[in-house]
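Undergrad: Got a structure for you, questions after.
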Amino acid sequence: MHKTQIHSISPAPRISMRVMVRLWVLTLIWLVGLPAFPVLAQSAGNLAALPAPITLRDGQDSYDLNNNLFITPDPLGQMSYASLIDRHMKGMRGALRGQSIITLGTKPVPHWMVFALNNQSNTSHWTLSLGRHGDGRYGVAQQIYLYDHLNQRRILTAIKTATADAPSPKDVPTQGAAISFDLPVGRQALMVLYVVPEGGGPVTLAPTLKTDRAFFDAQNNPWRTGAMIRTGLIALLGLFAGALIFRRMIIAGGFMVYYAANMAAYMIQNDVIYDPAPLASETSPLLFAGIVAIALLLSRFFLNLSRGQTIEKLIIYGCILLIGISITIGTMAIPDSSILRPMLITGIPVAALAFLSLFCFAQGHAGTPAANIMGTGWLIGFAGALTAGLAVLGILPPTPIMVNAYWIALFIQAPVFIIGIFVRSWAKDVENISDESLAEDDVDALGRLKQTKESVENARLLKVIEHERQTLEELRERELKQTEEMRIAKETADAANRSKSAFLAVISHEIRTPMTGIMGMVRLLLDSHLTRDQVDYARTIQDSGDAMIALLNDILDFEKIESGKMDLENVDFDLHRMINGVVTLMSGHATQKSISLTTEIGPDVPRFIKGDPVRLRQVLLNLVGNSIKFTSEGGVTIVVRREGGDADHHRLYFAVRDTGAGISPDAQKNLFNPFAQADSSISRKFGGTGLGLAICQRLITAMGGTIAINSKEGQGSTFFYTITMEHGHAAGVQEPGNKSLSESGAAPSKSLRILCVDDNEINQKLLQEFVSRMGHKPTTCGSGEDALKIIESHDFDMVFMDIELPGISGMGATRAIRAMRVPQKSHLPVIALTGNVRDDDIRQCYAANMNGHLAKPIDPAQMKAQIEKVLRGKLDNPVIVEDDGGGSDTFTPVHETVVSIEDPQDMIEDDAPILPGQMDQSDAVADIDTPVDDIMEAPITAERAPIMQAALQDDPTPLDLAISEDELDEDSFVQALDASTDAELGDDFFDDDFDDIMTRTEELPPPPAMNRTIVFDSTLLDGLKGSMDQASLNEMMAGLMEKIDEIITHTNGAMHAHDMDTIRARMHELKGMCGNFGLQELSLIAEHAEKAVKEGQIDTLPDVLSALPAAGIRAHKVIGEWLQN
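Numbering follows UniProt numbering, in which position 231 of the sequence shown is assigned residue number 231; successive positions increment by one, without gaps.
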């Protein structure tokens, strides 16, 4: 700035007015112009101070800054903006590179760049372009700062940490690597550009100054370098995609991926100069490393290294692994300022590209088709990458061509690769043709060889072929044999399983049926007036019967568990009550042995839990029973405590501890095996099957626990297990609905009319006695036909129906009841009586629409429980009748006043229960107008066809019931019942004459010779003499013998009529009835006859049945002698 000094002048004595006016005018001009002088002086000074400004004129719209850009590196980062301006104004300016492309190196070193502008054009909108990749720019900057010093304004700030003494910025939008700003016309500017490269890779700039219009025209120019490179890459992608799609060249797809990755790298490098993201500078090197990895994989498949060339494949994969390791180390472990970082990130992939070229040449030298062409292509790529790398590092002149050498090399590679693809395809075709030709030559040579071989050689070859054929035949036969053996083994296993099931069913039925009479009579004996000895005898019989039933139950339980049919309940129950019930039940046994039975229940054991109380009680009863059995002094203790869990689950520990003899370690190993006991003498001394602990183990396992034993000989044993159970609630606990047997005589809430159907008259009397003592009115009959007739004529509240009945079975009779149109009859509850207690048997009863199940021998308490369920309307299986839209869980008993039967002799009195001895079989069915024989011979009319179909579903014996059409709905009856079953025997059997059958030689072994002891065992009936009066006893035994004679007579008639079904049913009845009364000879003969019918040994049947009359006479004799003694 120039300073103007004004000097003062002394006035003259006389001054004219004109002079005074001029002085005032000059003074005013000077005062007005004084403020403008400093500005003009400053402008002049600044203009003079600007170093080589670029004068912007109208005739030029683009300016290179290479000769006007002063660059000052700041490796220590200590230079400030103010110090730079001060140095620049004092002439200490940076260096002029004189090149269109400026290299900034690989380290994050700040660079200050200063250039001056003088806008003498008519344009004020300008753009500073740092260049695109096609112009030679490369890399990413972490800080960019542009400031106009003369006009004191910040144009752009894109930095991570602002300069401390820089003025407040005002950012302006940027486009890619370009910065737009305004420079008014006629104004000057001193521009300061501050750039900090992102370390880890080389960075170059290609700065130019253009008008906005010129910049946008250049961006839209299709012939500029960047646009041409991008268009060329797109064209190459389309070329290889076409080869893949139309020529089915799979290798072309690999090259398409290769060029797609290169295009992605180019687009990122072309448009981005500033990226604040982590590892921004490594984006391009990482993409390049991926491209080299793709090239390696591409070469592996192009060279077809899949034919056992393990070393070559390992080399390829090793290079890929080396690239990955070098990139990981370079980006994670090496600092940005280290020269090792770009060497690892970029240098190793470039070296791998060179190695790949040499590898391909080596494969070409080894004879691989097109490998040399492939090596040439990768060599071109390596040369381009190396040239571009040296250019951006400043080692080679950084011209646009040199910087873009890699992208130019891609276009040179493309035709080389295309030639290589076609050469490889051609070589493969030639190879295939050569292989075919070679194969043909081999065939010709082989033919000539065969012609020249001697006959001995031909014979040897034939022997070898024959030997191979025989070997294959043997293998085939062995395979067929093994297949057949597997089939037979499977059929044998299936047959054994079916036999086991059939055996268990037969055992259950055949044992439980006679046990009904035994246990029932014992109960009646115990309720009568007996002497002490007689009570002991009766209780001994009862204990033996209970043991037999327990044995049968153990076998069935074990079979059920083994077959996976054991289902566990999950209901709320009172754990304390269940344990106390076990103690109450077993305390009598403990008292008999003079030992104690106590419990130790922890204070935190919950009262109510969820689980299967029946099975848990079964386990405890079994363990406690064993402990009592083997403890002679001391006592048995049940221990229950809580060992953990949460609010909803409890982990409970159960143990049964005794002071018995203990078990040796060797015996403990087999303790839980089926049918195993600690000592072979135990079964002889204490009884049992050895199934109890095996069943306990499987039940505990099913509950999710494990049972174990802790025992020492002479110190006792402890059986313990731990299971997790859900927390229960008192509201869900079902209170016991039945009283004990001792209370079974209490008067019921209602007196029911109950029909008892059983083919055995003795069982009828037991049923009649039990029902009468419970306060209900029983009626009995012996067949399904009689039951249907009685139900049709009279009203009942429920039915106890035996399953095994002559003629119509219990299930068939139940189906017929369900088809009756009168709702009170069709909804009648029917309870099954059977000795078959397996789940399958019970399900069959329920499938026949029976509503409950009562196992033989009959337990009065269980019978009363079934009656109580009928009274409460809570049946085990609801009544379902098709024509009423569904089943009902409830049943309303008929009115207390029962409708009288037409014949007054049938029921004695309507309101009084029918007692034993007041009604026999004929009384029960006295009102049936048509005799059974007449019914069997009655014609089958169209009206009675559905009734016949229902009656014959399970029983092929023809019959016709006198049930009116109004009481049975024909359609519903037909829908409810299946078609009648075919007869078990073929029609051709009855073509044989009875005399021919008698002469057949194939016989069943006859029963052994009988002596008096085998004819009749009076042990079972001796107790009756003391409990029954002689008249009643004589009447009962007379009825027994009359029934035996009737069965024998009926059987002989059925034999002459070839009626095998009747013979089987009558023999089954005779076997069970005689067994109950100790008539062993008749029971054994009946068993042989029934078995002969079942197994189809009809030829032996006449000889077996011929022994019946004489056995009957002997039975009459021994019974008469027994009654007289």
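The beta-carbon is built from N, C-alpha and C at its ideal position, and this holds for glycine as well.
Here the structure is a predicted model, which is why all the values come from computation and not from measurement.
Looking only at its own chain, which residues have a Cβ that is under 8 Å from the Cβ of Arg224, when we skip the five neighbours before and after it?
TA: Excluding sequence neighbours, Arg224 sits near Gly134, Ala218.
Undergrad: Below 8 Å CB to CB, which residues in the same chain sit around Ile268 once its five sequence neighbours on both sides are set aside?
TA: Only Thr283, Ser284, Leu287 meet the Cβ criterion.
Undergrad: From which residue to which residue does the beta strand (DSSP E) around Phe70 run?
TA: It spans 70 to 73 - the beta strand (DSSP E) in which Phe70 sits, taken as one unbroken run.
Undergrad: Can the beta-carbon of Asn122 be found less than 8 Å from the beta-carbon of Asp58?
TA: Contact: yes.
Undergrad: For Ile294, which residues of its own chain have a beta-carbon under 7 Å away from its beta-carbon, when the five flanking residues on both sides are left out?
TA: Answer for Ile294: Val257, Tyr258, Ala261, listed in chain order.
Undergrad: Does the pairing of the stretch 176 to 188 with the stretch 97 to 105 give three or more beta-carbon distances under 8 Å?
TA: No, the stretch 176 to 188 is not in contact with the stretch 97 to 105.
Undergrad: Work out the CA separation of Asp442 and Arg448 for me, nearest whole Å.
TA: Distance between the alpha carbons of Arg448 and Asp442 is about 10 Å.
Undergrad: Sorted by chain position, which residues of the same chain lie with C-beta nearer than 7 Å to Asp64's C-beta, five sequence neighbours on each side aside?
TA: Only Ser100, Thr208 meet the Cβ criterion.
Undergrad: Can you grab the Cα-Cα spacing for the pair Ile1113 / Glu1042, in whole Å?
TA: Rounded to whole angstroms, Ile1113 to Glu1042 spans 12 Å at the Cα level.
Undergrad: Among residues of its own chain, excluding the 5 on either side of Gly232, which ones have a beta-carbon nearer than 6 Å to its beta-carbon?
TA: Answer for Gly232: Phe411, listed in chain order.
Undergrad: Hey, out of Ile329, Cys319, Gln1124, whose CA is closest to Trp354's CA?
TA: The identity of residue 354 in the sequence shown is Ala, whereas the question assumes Trp. For the residues Ile329, Cys319, Gln1124, the minimum Cα distance to Ala354 belongs to Cys319.
Undergrad: What three-state label does DSSP hand residue 1127 in the structure shown?
TA: The requested residue 1127 does not occur in the structure, where the chain is confined to residues 1 to 1125.
Undergrad: Could you have a look at Ile609 and say whether DSSP puts it in helix, strand or coil?
TA: It is a strand residue.
Undergrad: Would you decide whether Arg248 is buried or exposed? Buried here means 16 or more other CB atoms lie within 10 Å of its CB.
TA: Result: exposed.
Undergrad: If you count every other CB in all the chains shown that lies within 10 Å of the CB of Thr368, and 16 or more means buried, which is it?
TA: Classification for Thr368: buried.
Undergrad: What are the start and end residues of the alpha helix (DSSP H) that includes Asp841?
TA: 839 to 847 is the extent of the alpha helix (DSSP H) around Asp841.
Undergrad: Could you check the C-alpha separation between Ile803 and Gln542 for me, to the nearest Å?
TA: Each residue's Cα considered, the two are about 25 Å apart.
Undergrad: Give the DSSP-derived three-state secondary structure of Trp223 in the structure shown.
TA: The answer is coil: DSSP assigns Trp223 none of H, G, I, E or B.
Undergrad: Is it right to say Leu833 is buried, meaning 16 or more other beta carbons lie within 10 angstroms of its own, or is it exposed?
TA: Under this definition Leu833 is a buried residue.
Undergrad: Pick from Leu236, Ile155, Lys107, Ile245: whose alpha carbon is nearest that of Gly199?
TA: Gly199 has its Cα closest to that of Lys107, out of Leu236, Ile155, Lys107, Ile245.
Undergrad: Looking only at its chain, what residues have a beta carbon closer than 6 Å to the beta carbon of Ile1047, apart from the 5 residues adjacent to it on each side?
TA: Correct list, in chain order: Arg1066, Leu1070.
Undergrad: Return the residue from the list Lys874, Asp859, Cys1074 that minimises the CA-CA distance to Asn760.
TA: The shortest C-alpha separation from Asn760 is found at Cys1074.
Undergrad: Alpha helix (DSSP H) containing Val257: first to last residue?
TA: From DSSP, the alpha helix (DSSP H) with Val257 extends over 250 to 271.
Undergrad: By the three-class DSSP mapping on this structure, what secondary structure does Leu530 have?
TA: Reduced to three states, the DSSP call for Leu530 is coil.
Undergrad: Are the CB atoms of Gly807 and Glu785 nearer to each other than 8 Å?
TA: Contact flag set, yes.
Undergrad: Under a three-way DSSP split, which group does His853 fall into?
TA: His853: strand per DSSP, three-state reduction.
Undergrad: What's the gap between the Cα of His1088 and the Cα of Met519?
TA: The alpha-carbon atoms of His1088 and Met519 are separated by roughly 25 Å.
Undergrad: Using only the alpha-carbon positions, how far apart do Ala1110 and Glu1090 sit?
TA: Those two C-alpha atoms are separated by around 18 Å.
Undergrad: In the structure shown, what three-state DSSP assignment does Ala414 receive?
TA: Ala414: helix per DSSP, three-state reduction.
Undergrad: Suppose the cutoff is 7 Å on Cβ atoms and the five residues either side in sequence are ignored; what does the same chain contact list for His1116 look like?
TA: Answer for His1116: Met1041, listed in chain order.
Undergrad: So Val350 and Thr376 are supposed to be a Cβ contact under 8 Å. How far apart are they, rounded?
TA: Going by Cβ atoms, the distance from Val350 to Thr376 rounds to 17 Å, so no, they are not a contact pair.
Undergrad: For Pro197 versus Gly139, is the C-beta spacing smaller than 8 Å?
TA: Contact flag set, yes.
Undergrad: Within its chain, find whatever has a CB closer than 8 Å to the CB of residue 1188; leave out the 5 residues flanking it on each side and keep chain order.
TA: The shown model of the chain, from 1 to 1125, leaves out residue 1188, and the question about it has no answer.
Undergrad: Quick one: grab the DSSP three-state call for Pro197.
TA: Here Pro197 sits in strand by DSSP.
Undergrad: Under three-state DSSP, which class holds Gly716?
TA: Three-state DSSP puts Gly716 in a strand.
Undergrad: On the three-state DSSP scale, how would you describe Glu726?
TA: Glu726: strand per DSSP, three-state reduction.
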